[in-house]
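Trainee: From first to last, the protein sequence lines stand for chains Z and P.
For the first sequence, the working numbering begins at 168 and goes up steadily by one.
For the second sequence, the working numbering begins at 252 and goes up steadily by one.
Quick reminder that beta carbons are idealized off the backbone N, C-alpha and C, glycines included.
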Amino acid sequence: MKTDILQRLVRARAEKCPVALVTDLGSGLQTLVHDDVTHGGFGLDREELAEVRRFLREDRSGIVEIGDARLFIHSFNPPLRVIIIGAVHIAQALAPMASLAGYDVVVVDPRRAFATDARFPGISMNGEWPDDALNQLAIDGRTAIVTLTHDPKLDDPALHVALRSPAFYVGSLGSRKTHGKRVDRLREAGFTEAEIARIHAPVGLAIDAVTPAEIALAIMAQITQVLRQEPSSAAAAA
Amino acid sequence: MTYENNIPEIAAALRAEGKRVALATVVSTWGSSPRPVGSQLVVDETGAMQGSVSGGCIEGAVVHEAMQAMQDGEPRMLSFGVADEQAWEVGLACGGKVQVYVEAVE
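1. Count the CB pairs spanning the region 302 to 318 of chain P and the region 266 to 276 of chain P that are closer than 8 Å, and state whether there are at least three.
2. Step through the CB atoms of chain P and report whether any lies within less than 8 Å of the CB of F239 (chain Z).
3. Can you list, in chain order, the residues of its chain whose CB lies under 8 Å from that of H256 (chain Z), leaving out five sequence neighbours each side?
4. Measure from the C-beta of M300 (chain P) to each C-beta in chain Z and report whether the shortest distance is under 8 Å.
5. What are the boundary residues of the beta strand (DSSP E) that includes R220 (chain Z)?
6. Taking a cut of 7 Å between CB atoms, which residues from the region 270 to 301 of chain P lie near chain Z?
7. Can you tell which of Z:L216, Z:G208, Z:G193 and Z:I230 has the C-alpha that lies nearest to the C-alpha of D202 (chain Z)?
8. Taking 8 Å as the threshold (C-beta atoms), are A325 (chain Z) and I386 (chain Z) in contact?
9. Helix, strand or coil, according to DSSP, for E310 (chain P) in the structure here?
10. Under 8 Å between C-beta atoms, does T190 (chain Z) make it to chain P?
11. Against V358 (chain P), what residues of chain Z qualify as contacts under a CB-to-CB distance less than 7 Å, listed in chain order?
12. Closer than 8 Å, CB to CB, is A334 (chain P) near chain Z or not?
13. Quick check on E354 (chain P): does DSSP put it in helix, strand or coil?
14. Helix, strand or coil: which one does DSSP assign to S279 (chain P)?
15. Check the Cβ of A263 (chain P) against every Cβ in chain Z and list those closer than 7 Å, keeping chain order.
16. In terms of residue numbering, what span does the alpha helix (DSSP H) encompassing S266 (chain Z) cover?
17. What residues from the region 312 to 333 of chain P come within 9 Å of chain Z, judged by C-beta to C-beta, listed N to C?
18. For M321 (chain P), which residues does DSSP report across the bridge?
19. Should the region 334 to 352 of chain Z be regarded as contacting the region 304 to 323 of chain Z, the criterion being three or more beta carbon pairs within less than 8 Å?
20. Specify the secondary structure class of R352 (chain Z) as computed by DSSP and reduced to three states.
21. Among the residues of its own chain, which have a CB less than 8 Å from the CB of A334 (chain P), if the five just before and after it don't count?
22. When burial is assigned at 16 or more other CB atoms within 10 Å of the CB, is E310 (chain P) buried or exposed?
23. Could you tell me how far apart the beta carbons of L330 (chain Z) and R365 (chain Z) are, in whole angstroms, since I believe they sit closer than 8 Å?
24. Shortest alpha-carbon distance to D307 (chain Z) belongs to which of Z:S332, Z:R286, Z:D284 and Z:H327?
25. With distances taken between CB atoms, is the gap from V406 (chain Z) to V200 (chain Z) smaller than 8 Å?
26. From what residue to what residue does the beta strand (DSSP E) around R327 (chain P) run?
Structural data, given as structure tokens:
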């Protein structure tokens, strides 16, 4: 690999641009493919370029054989994100866990006493009201949103944005009873059954979690399941 | 950034310090391979490594080849798996197969 290509790759990653590094396994030559530009040691024809973009879209890496060429397409997509509403005890376990699993983590809580750096070392904090925060954070299909405050004043505005966003996962802490009331409020606010059904509640996989760390584990496991399983099962059903 | 995905940054930083480095990347897997395609390892001229391309079973051999690649500048494809004699020696205990592309950064 040329140092120049490596530096361009690192720059694209710093700017959170999706980029693919394509290696011709025959010659060892490499080309970087951004959204609309390619740069590097060899050109790609239209068919090859379409295949590279498909890999990026599906967040996949692998070897493809096109004509005589054997290409390794290495997709580098911006990191997955977890946005946690509520700088609560469970968030203190969930934030580092999500970070370890490779996610960028943002904890949103307008309450100063909760959202301190001392309670969340190394985690990005956002002190805006949850709907404002989510609007600022430009939610995409690689974002998971989890509400943990238990307080409708904070959780509901977050859900109002989350349910109409492309987030791949939306989860809300609360018992079945609490969730029932939440569903009533969302219906009154004009949300459709399909929109409301996007909420994973009670949040997390049913593993009888008790402690904050175990609940965080159940949430992280469910986020992983939705991320990894649903597209393939949806594809199988189609 | 997490330990999972900062290998290009580490490699670039080592290069910026004037060190020689090589990258190893998992390009294909079959069966119960511990690390998915795209997993990377960076090796510097002293043989120090960061990242991983397996559960620890093939790293030794990969580092050896990475040192060679830094010497001769030639990229190489390494295959480890049950059908490979080398696997017997290196011991891919999980029983899967993995191909690792090793290249020097020049």
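Mentor: According to the data block:
1. They touch, by the three-pair rule.
2. yes
3. P379
4. no
5. Premise fails: R220 (chain Z) lies in the alpha helix (DSSP H), R213 to R224, not in any beta strand (DSSP E).
6. L274, T276, V278, S279, V288 and G289
7. Cα-wise, what sits closest to D202 (chain Z) is Z:L216.
8. Result no, Cβ atoms of I386 (chain Z) and A325 (chain Z) do not sit closer than 8 Å.
9. helix
10. yes
11. Lying before the first or after the last residue shown, residue 358 (chain P) is absent from chain P, which here runs from 252 to 357.
12. The predicted position of A334 (chain P) is uncertain, since its pLDDT is 49 and thus under 50; a value taken from the coordinates is nonetheless stated next. The Cβ of A334 (chain P) sits no closer than 8 Å to any Cβ of chain Z.
13. strand
14. In this structure, DSSP gives S279 (chain P) an extended state, which the three-state scheme calls strand.
15. L173, Q174 and V177
16. H256 to L267
17. E325, P326 and M328
18. None; M321 (chain P) has no bridge partner.
19. Result yes; three or more Cβ-Cβ pairs closer than 8 Å.
20. helix
21. With a pLDDT of only 49 at A334 (chain P), under the threshold of 50, the placement of this residue in the model should not be trusted; the figure read from the coordinates follows. Excluding positions up to five away in sequence, the list reads K348.
22. buried
23. Yes, they are in contact, since the Cβ atoms of L330 (chain Z) and R365 (chain Z) sit about 6 Å apart, within 8 Å.
24. Z:S332
25. Chain Z is shown only over 168 to 405; residue 406 (chain Z) falls outside these bounds and no answer can be derived.
26. Per DSSP, the unbroken beta strand (DSSP E) holding R327 (chain P) starts and ends at R327 to G332.
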